[in-house]
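Structure record follows, encoded as C-alpha cells.
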Amino acid sequence: MRCALIMTVKNEADALPRLFETLTLQTKQPDEIIVADGGSTDETVNLLRAAAKQFPLRVLECPGANISQGRNAAIVAADADIIASMDAGVRLDAQWYENITAPFLQSAAPDVVSGFFLPDPHGAFETALAATTLPQLREIQPAKFLPSARSVAFRKSAWARVNGYPEWLDYCEDLIFDFDLRRAGFSFQFEPRALVYFRPRPTPGKFFKQYYLYARGDGKADLWRKRHLIRYLTYLGAIPFSFLALPFAPLLAIALWLGACIALFGTPYRRLWQWSKKLTRGEKLQAALWVPPLRIGGDVAKMLGYPVGLWWRHTHARADSNTAKREIKNG
2 MRCALIMTVK NEADALPRLF ETLTLQTKQP DEIIVADGGS TDETVNLLRA AAKQFPLRVL
62 ECPGANISQG RNAAIVAADA DIIASMDAGV RLDAQWYENI TAPFLQSAAP DVVSGFFLPD
122 PHGAFETALA ATTLPQLREI QPAKFLPSAR SVAFRKSAWA RVNGYPEWLD YCEDLIFDFD
182 LRRAGFSFQF EPRALVYFRP RPTPGKFFKQ YYLYARGDGK ADLWRKRHLI RYLTYLGAIP
242 FSFLALPFAP LLAIALWLGA CIALFGTPYR RLWQWSKKLT RGEKLQAALW VPPLRIGGDV
302 AKMLGYPVGL WWRHTHARAD SNTAKREIKN G
C-alpha cells in the first residue's frame, strides 16, 4: 500500500529548512511527496527543487491556487492509496509519518487518521498566544475530534468520494472536508502520537489577521452559528449590561464580570501554567499580561470577520439563484 505526503506552500522559504530537517529524521519515509506551490515570490520553489535531490519530491506550480485547490491538485498527482497531509510551517515528531499511517495496516483499518498538534512557541508572546488559542491533549474528546490538515491521513478513495477539499473556500476548508467525510460514513481514528509542532503567529497583527480570516471562513461555510452568537451576546449584550446595572445592582454586575473573566481567561491561564515552565520569571509575567488582550483581540477579529463571510455567502447564493433562473428561462 503506497502512502504519499502532500502539502501546499506559498512563500515558505523561512520555514522549509526546519521542516525538511525533521522530515529527514522520520522513522518511516513516504513513498512520494507532492508539494503544490500557490505562486511563491521568495526562494520557496528553489528550496523545494533542491529538496527533490534528497526526497522523492515533486513540485506542482499552481500560481493563484488557494489552499483547497493546491491540496486537491497534489492529491490528484499522487500515485498512492493513502494520503498524509501536513503544513509547511510545522516541525515533525520523528515518528509522525509512521504513526499517522500505521493504523491503515490494522485488520480493522480506519478511513481517516487524525493526528495531533502542539505549539512550538518562541518567547513570552507566542507562549501566551498558544495558551489562549490551542487545546491541550487532555481537552480532546477523540470521538468528536476533527483533524487539522496539518496532521491527518486518509484514503484517497474517501477523498474522491466527497469530491475533495472545497475549492470555493479559502479558510476552514479542512473542517468542511472533515464534515463531508463524516456525513459519508467514513471511519475516523484519533492517533495522539502522530504529533506535529507549529509556531504560533509572532506578532499581534498577524494573529489578528489569522483569526479574522478564520471567522470569515466560518461565515462563508456557515459554521459555528451558536458560538458566534454567544460571542456577540457576551460582548455586545452581557458586558455592556453589567456596566449599566452597576449603580442599581452592583452584586449582579460583579457576578457578571467574574463569570466573564472565568469564561474568557480561565482556560488560557490553566494552559499557560503548563506551557510557560521554560520561561524566565519575567517572561512568565509578560505572558500572563498578554493573555487578556489576545483573548479579547481574537474575539474582536472573529466578530469582524464572521459577518464578512456571511455577506459573501449571501451574495454568492443570490448570484447562484439568479444564474439558475436564467438557465431555466433560456430552456
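Numbered according to our numbering, the sequence shown spans residues 2 to 332. The beta carbon of each residue, even a glycine, is placed where N, CA and C say it ideally should be. Model, not experiment: these values are computed from the prediction.
Exercise. Secondary structure at residue 304, three-state DSSP: helix, strand or coil?
Worked result: helix
Exercise. Residue 9 bridges to which residues according to DSSP?
Worked result: 37
Exercise. Between which two residues does the alpha helix (DSSP H) harbouring residue 22 extend?
Worked result: 17-25
Problem set entry | Residue of 194, 23, 99 and 154 minimising C-alpha distance to residue 84 | 154
Exercise. To which residues of the same chain is residue 332 closer than 7 Å at the C-beta, ignoring the five residues directly before and after it?
Worked result: Confidence at residue 332 is low in this model, with a pLDDT of 45, below 50, so its placement is unreliable and no value can be given for it.
For this session: With a cut-off of 8 Å on the beta carbons, I'd call residue 91 and residue 24 a contact; round off their distance for me.
Result: No, residue 91 and residue 24 are not in contact; Cβ-Cβ is about 10 Å, not under 8 Å.
Problem set entry | Three or more C-beta pairs below 8 Å linking the region 136-149 and the region 219-232 | no
Exercise. Which full runs of the beta strand (DSSP E) of 3+ residues lie inside the region 103-170, going along the chain?
Worked result: 113-120 and 152-156
For this session: Using three-state DSSP, classify residue 4 as helix, strand or coil.
Result: strand
Exercise. Comparing alpha-carbon positions, which option in 56, 81 and 77 lies nearest residue 5?
Worked result: 81
Problem set entry | Cβ-Cβ distance between residue 68 and residue 192 below 8 Å | no
Problem set entry | residue 118 beta carbon less than 8 Å from that of residue 151 | yes
For this session: Excluding the 5 residues preceding and the 5 following residue 187 in the sequence, name in chain order all residues of the same chain whose CB lies nearer than 7 Å to its CB.
Result: 112, 113 and 159
Exercise. Do you know offhand how far residue 317's Cα is from residue 146's?
Worked result: 30 Å
Exercise. Can you check whether the CB of residue 128 is closer than 8 Å to the CB of residue 277?
Worked result: yes
Exercise. At what residue ranges does the region 178-232 contain a whole run of the alpha helix (DSSP H), taking only runs of 4 or more?
Worked result: 205-222
Problem set entry | Of the listed residues 258, 204 and 45, nearest to residue 14 (C-alpha basis) | 45
For this session: Just the C-alpha distance for residue 88 and residue 95, rounded to the nearest angstrom, thanks.
Result: 16 Å
Exercise. Taking all protein chains shown into account, do 16 or more other C-beta atoms lie within 10 angstroms of the C-beta of residue 43, making it buried, or fewer, making it exposed?
Worked result: exposed
For this session: List the residues that DSSP assigns as beta-bridge partners of residue 91.
Result: 199
Problem set entry | Local conformation of residue 62 per DSSP, three classes | strand
Problem set entry | Buried or exposed (CB count within 10 angstroms, at least 16 for buried), residue 70 | buried
For this session: With a 10 Å radius around its C-beta and 16 neighbouring C-beta atoms as the bar for buried, classify residue 271 as buried or exposed.
Result: exposed
Exercise. For residue 53, does the three-state DSSP call read helix, strand or coil?
Worked result: coil
Exercise. Based on the DSSP output, what are the partners of residue 84 in its beta bridges?
Worked result: 5 and 155
For this session: For residue 250, count neighbouring C-beta atoms within 10 Å of its own C-beta (all shown protein chains included) and say buried if the count is 16 or more, exposed if not.
Result: exposed
Exercise. Measuring CA to CA, which of 268, 236 and 75 is closest to residue 257?
Worked result: 236
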